[in-house]
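FYI, the numbering for the sequence shown is 557 to 1022, going by the numbering used here. Reviewing the structure listed below.
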Amino acid sequence: MKKTKKIAAAVLAMTMAAGLAVTGCSGKGGSTGTDGAPAEQSKETGGGGTNDSKDDAAKADDGALHLTFYYPVNVGGSAAQLIEKICADFNAENPDIFVEPVYTGNYDDTVTKIQTAMQGGTPPDVFVSLATQRFTMASTGMAMPLDELIEADGDEGKAYIDDFLPGFMEDSYVDGKIYSIPFQRSTMVLYYNKDAFKEVGLDPEAPPTTWEELAEYGQKLTDDGRYGVGIALNSGSAQWAFTGFCLQNSTDGQNLMSEDGKSVYFNTPENVEALQFWLDLQNEYKCMAEGIVQWTDLPTQFLAGEVAMIYHTTGNMANIHDNADFDFGTAFLPAHKRVGAPTGGGNFYISSGISEDRVQAAWKFIKFATSTDRAAQWSLDTGYVATRQSCFDTDLIKDYYAEVPQASVAYEQLPYAKPELTTYNAAEIWRVLNDNIQAAVVGDMSAQEALDAAQEQAEEVLSEYQ
């Protein structure tokens, strides 16, 4: 009963975090929800729809071990078919195991359904959830550590983990233990309109590399019908973008939070300077729209020529590539004291408390779904960044980057990337930071006042974890 109550107490915060999390990837087709989006169906991947999945389930061998797999796709579409195809392929290769994919809506819906299933005694065996939820998953006992499974695989297990890109793997840990495996991961990049650059006399092959250049170029690109810079400041997006700016202005590479998720560093002089720069882009340089800009509006504004440069997820690559009627480029996020960028997205977890045979089967499925070739194909089909180093040695990724060189920027930037704001009680901490940032953006508080208030409120929330 204690565990059930603990899960119930935490799930509201997790649901709030998932609901705020609009900062992840969208795949081909152009929607910009959190980490799930429609992806054009590739010839290589094919894809069975929901009816096919139900038919397969009906035909499954009664002797097979049936696993339930919860997965979120924020806007549905063919990305769900891609997941079902992965499961169908796994089932075909492993007749003694049958993985049933259960589409559970967006991340918000998925967290609620996981909690409900666990309280009812029928937890999913394996699920995908935000990497930012790992502290809550561990502290509530909703997910199990994976270290013993990795160790049992010996050298193969070590090689498997070592192959994941450090920029994604580092936010799989809680207290030194691995709780999740990177799957649908993203980072933020700068998209810019090369035609607009030419129009105002800027070199289209030389995007801004510093904050100073961002402001300078932004002013040149701004006219009556267009802003030079677009950054989403709505609740749930502000903390993702702000993580990047704080990393860029950090003197020592310190993130917004401690690695153990128990402390935050909101009101350092460097972070106040970062927030002030946002305010200056709006109020002093007047190259960014005033007020709260919505994450979901930015790609549409960029494609319409209403903003010349936007900070957005690499998962929007396919959308912009397929729909832009102008030449566009991508670049590292402009640096200040250093280069920096935030990562985001979802990982695989295994539920706590399931039987050992289910644990082993779930682990086998995770390794299958994240194998090199499948991770590479998933990247092409959805717009997520391939999560393993070996993916970039495949012809799939090499050919894709040759065809769409803009897509390679996210991978090249990853060595400079760090996880977005991630703490215990992450939902409340996100709310605290976002609310105070927005108060500064609309002019109710100064940058210093906003981050002082955010620091004080966050310390109170996190006091129970000290």
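Yeah, the Cβ is synthetic: ideal placement off N, Cα and C, and Gly gets one too.
Is the distance from the Cβ of isoleucine 670 to the Cβ of asparagine 903 below 9 Å? No.
Could you tell me whether the Cβ atoms of methionine 844 and proline 764 are closer together than 9 Å? Their beta carbons are not under 9 Å apart, which means methionine 844 does not touch proline 764 by this criterion.
Inter-residue Cα distance where the pair is glutamate 1020 and methionine 813: 16 Å
List the endpoints of the continuous beta strand (DSSP E) containing asparagine 790. Note, asparagine 790: premise wrong, no beta strand (DSSP E); not H, not E.
Give the C-beta separation of alanine 699 and isoleucine 906 to the nearest angstrom, bearing in mind that I take them to be a contact with Cβ-Cβ under 8 Å. 6 Å
Please report how far the alpha carbon of tyrosine 956 lies from the alpha carbon of threonine 899, in whole angstroms. 22 Å
Can you confirm whether tyrosine 773, when its beta carbon is compared against all beta carbons of chain D, has any partner nearer than 9 Å? The displayed structure is made up of one protein chain only, and chain D is not part of it.
Excluding sequence positions up to five away, which residues of its chain have a Cβ less than 6 Å from the Cβ of lysine 733? Pro701, Asp703
Valine 998 classed as buried or exposed, judged by whether at least 16 other C-beta atoms fall within 10 angstroms: Per the 10 Å Cβ criterion, exposed.
Closest residue to glycine 619 among Asp645, Leu638, Pro651 (Cα-Cα distance): Pro651
Straight-line CA distance for alanine 616 to leucine 623? At alanine 616 the pLDDT is 48, less than 50, meaning the model places this residue with poor confidence; the figure from the coordinates comes in the next sentence. Using only the alpha carbons, I get a separation of about 12 Å.
If contacts are defined as beta-carbon pairs under 8 Å, then glycine 885 and lysine 974 qualify, I think. What distance do you get, rounded to the angstrom? Contact flag wrong, Cβ pair sits at about 24 Å.
Can you find the residues in the same chain that come closer than 7 Å, C-beta to C-beta, to phenylalanine 822, ignoring five residues on each side of it along the sequence? Leu812, Leu989, Leu1007, Ala1010, Gln1011, Ala1014
Between the C-alpha atoms of alanine 963 and leucine 952, what's the straight-line distance to the nearest angstrom? 13 Å
Local conformation of valine 828 per DSSP, three classes: The answer is helix: DSSP assigns valine 828 an H, G or I state.
Does DSSP put tyrosine 735 in a helix, a strand or coil? coil
Give the C-beta separation of glutamine 994 and alanine 794 to the nearest angstrom, bearing in mind that I take them to be a contact with Cβ-Cβ under 8 Å. 7 Å
For isoleucine 642, which residues in the same chain have their Cβ closer than 6 Å to its Cβ, ignoring the five residues on either side in sequence? Ala925
With three or more C-beta pairs closer than 8 Å as the rule, is the region 937-947 touching the region 869-880? Yes: the two stretches touch, three or more of their Cβ pairs being nearer than 8 Å.
Return the CA-CA distance between lysine 893 and glutamine 775, expressed in angstroms with no decimal places. 22 Å
I need the straight-line Cα distance from leucine 854 to glycine 909, nearest angstrom please. 43 Å
Note the first and the last residue of the continuous beta strand (DSSP E) segment covering methionine 865. 863-869
So threonine 938 is in the alpha helix (DSSP H); what residue range does that whole segment cover? 928-938
Since I believe tyrosine 626 is in contact with valine 658 (beta carbons under 8 Å), could you give me their beta-carbon distance rounded to a whole number of angstroms? 5 Å
How far does the alpha helix (DSSP H) with threonine 886 in it extend, from its first residue to its last? Per DSSP, threonine 886 lies in no alpha helix (DSSP H); the unbroken beta strand (DSSP E) holding it starts and ends at 884-887.
CB of glycine 896 within 9 Å of CB of glutamine 804, strictly: For the 9 Å CB-CB criterion, glycine 896 and glutamine 804 form a contact.
Looking at C-alpha atoms only, which residue of Ile706, Thr688, Phe753 is the closest neighbour of serine 728? Thr688
Integer-rounded CB distance, given that asparagine 790 should sit under 8 Å from valine 849: 7 Å
C-alpha gap between glutamine 857 and valine 863, whole angstroms: 6 Å
Just list the residues that DSSP pairs aspartate 913 with in beta bridges. Beta-bridge annotation (DSSP): aspartate 913 is not paired with any residue.
If the criterion is Cβ atoms closer than 9 Å, does the pair tryptophan 934 and glutamine 740 meet it? yes
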